[in-house]
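In my numbering, the protein residues as written are 53 to 452.
We put the beta carbon where it would ideally sit given N, CA and C, even for glycine.
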Ligand SMILES: Cc1cc2nc3c(=O)[nH]c(=O)nc-3n(C[C@H](O)[C@H](O)[C@H](O)COP(=O)(O)OP(=O)(O)OC[C@H]3O[C@@H](n4cnc5c(N)ncnc54)[C@H](O)[C@@H]3O)c2cc1C
């Protein structure tokens with residue numbers, strides 16, 4: 053074991069959340085920031101397997117507020133962060149059953165309230181067909197449309213964040229597992245890792261599905277369950293080409309619980325409901341032919357051309373799910389420990405806002421960042437589960 057390394061902050065976890073936090077810590081001028089990942093950065097967990105769908109439409113106000121702060125960063129990536137996150141504006145469509153028409157309208161109004169000029173508007177099913185001829189609207193009661201919705205490339209996004217963070221002096225350490233957060237007299241003093249001690253007064257756990265394990269001995273037990281989720285990719289020439297007879301949007305379909313998006317002009321990604329069980333000490337099993345076949349059958353009802361589209365690949369990854377399926381963001385336990393984990397299958401689109409707000413809170417303190425900004429994180433605090441304050445959607449659907 054080497055001699056203890058000194059640092060001003062340690063970020064545990066090199067997914068998109070850890071990368072974005074490390075970048076903002078670098079920007080803040082805090083000093084020496086170390087980011088460690090047990091595997092390769094942006095490769096081990098959910099981030100590199102993610103679908104990268106970007107939308108404002110959610111069923112709970114706190115999520116809308118964070119995505120409204122994040123989307124402009126994806127849209128203006130080169131100017132704000134530098135490099136390329138692969139953002140592509142395809143338009144986003146939310147489909148719901150008849151029984152959720154009122155809820156859809158309410159959620160669109162909330163998007164308007166949080167996102168200003170950005171629209172999420174209720175449109176007729178005929179309009180959906182006109183905009184995206186590749187969609188069948190059978191069984192759809194109502195639809196909402198967001199022109200700015202789309203997707204970004206999660207691996208490219210994390211890569212660009214790492215490049216920007218490195219420029220600011222952040223040093224990523226790969227193949228370094230954080231074993232336990234070290235504390236003395238109620239304050240964090242560092243992290244014991246698989247290659248030795250890193251001394252630091254600030255430790256941020258951005259450990260995704262692996263949850264709060266390195267802080268468990270300090271009484272930090274956040275209810276995060278690791279779940280396996282998957283996507284398949286098919287060849288569908290024209291899927292991403294406006295005006296093509298098979299053109300599709302980035303879409304969440306609450307009538308089936310499915311989601312999908314075009315990839316470039318000629319490919320198509322769709323969610324694959326899969327056996328959610330995982331063992332954290334094993335690599336995630338690839339999707340099985342049975343899982344993919346069932347998903348193709350289901351998605352073909354909404355995108356008929358998918359039935360005959362040749363499959364070209366699959367992705368499976370694991371993410372950490374909390375009881376209310378929202379992340380945990382905030383201080384917990386000894387002074388200097390901060391959590392940003394359990395992003396429950398939806399963390400990619402939140403990363404820019406969560407990281408910016410979390411780092412401002414950590415480095416400037418609540419009083420300085422202002423009540424309005426801090427209130428955006430307030431619903432996500434780790435203590436909400438103990439206090440019986442889960443996030444409850446104001447206008448839920450069947451699957452959201
Ligand atoms: C198939 C799939 C599709 C998805 N689609 C979307 C989507 O369309 N839109 C969206 O917004 N979100 C989507 N998500 C969810 C999103 O990708 C995740 O919520 C997000 O990537 C989580 O990022 P993270 O940094 O918290 O976690 P991760 O990317 O999992 O990173 C956590 C990292 O922490 C490391 N780590 C953990 N414990 C330790 C330790 N003790 N020591 C060192 N390192 C440690 C891990 O190795 C890992 O690299 C999807 C996820 C999957 C799997």
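Among the options, the one whose alpha carbon lies nearest that of residue i
i	options	result
residue 380	437, 363 and 367	437
residue 447	159, 345 and 331	159
residue 286	219, 263 and 356	356
residue 407	154, 358, 56 and 66	66
residue 320	328, 333 and 348	348
residue 219	425, 84 and 429	84
residue 334	354, 279, 138 and 384	279
residue 178	170, 195, 172 and 164	195
residue 370	266, 103 and 61	103
residue 172	260, 119 and 134	119
residue 251	61, 417 and 123	61
residue 246	229, 346 and 240	229
residue 233	181, 269 and 133	269
residue 163	350, 115 and 129	115
residue 328	352, 300 and 281	281
residue 191	224, 227, 182 and 153	153
DSSP three-state assignment for residue i, whether helix, strand or coil
i	result
residue 315	strand
residue 345	helix
residue 450	coil
residue 137	coil
residue 426	helix
residue 443	coil
residue 126	helix
residue 328	coil
residue 56	coil
residue 118	helix
residue 61	strand
residue 417	coil
residue 438	coil
residue 156	helix
residue 323	strand
residue 310	strand
Beta-carbon proximity of residue i to residue j, cut-off 8 Å
i	j	result
residue 63	residue 207	no
residue 193	residue 151	yes
residue 74	residue 298	no
residue 386	residue 248	no
residue 295	residue 312	no
residue 376	residue 274	no
residue 264	residue 277	no
residue 146	residue 169	no
residue 106	residue 202	yes
residue 450	residue 306	yes
residue 339	residue 368	yes
residue 308	residue 354	yes
residue 388	residue 239	yes
residue 141	residue 231	no
residue 267	residue 372	no
residue 138	residue 198	no
residue 133	residue 216	yes
residue 157	residue 180	no
residue 433	residue 382	yes
residue 409	residue 429	yes
residue 54	residue 405	no
residue 425	residue 412	yes
Residue i: CB within 7 Å of a non-hydrogen atom of ligand 3
i	result
residue 69	For ligand 3, the structure offers nothing, since it holds only ligand 1.
Quiz item: Can at least three beta-carbon pairs, one atom from the region 95-104 and one from the region 391-401, be found at a separation below 8 Å?
Solution: yes
Quiz prompt | At least three beta-carbon pairs within less than 8 Å, the region 207-224 to the region 183-193 | solution = no
Self-check item: Within the region 234-307, ranges of the beta strand (DSSP E) (whole runs, at least 3 residues)
Solution: 239-245, 248-251, 255-257, 277-287 and 302-305
Quiz item: Which residue spans inside the region 164-240 form an unbroken beta strand (DSSP E) run of at least 3?
Solution: 173-175, 194-198, 223-226 and 230-236
Quiz prompt | Touch test, the region 75-95 against the region 360-375, Cβ-Cβ under 8 Å, three pairs minimum | solution = no
Quiz prompt | Validate contact between the region 85-95 and the region 67-74 using beta carbons, cut 8 Å, 3 pairs | solution = yes
Exercise. At 4 residues or longer, and completely inside the region 337-415: list those alpha helix (DSSP H) runs for me, N to C.
Key: 341-351
Exercise. Determine, using beta-carbon pairs with one atom in the region 317-333 and one in the region 276-291, whether at least three such pairs fall under 8 Å.
Key: yes
Quiz item: Can you give, in chain order, each stretch of the beta strand (DSSP E) that sits fully within the region 78-104 and has at least 3 residues?
Solution: 85-89
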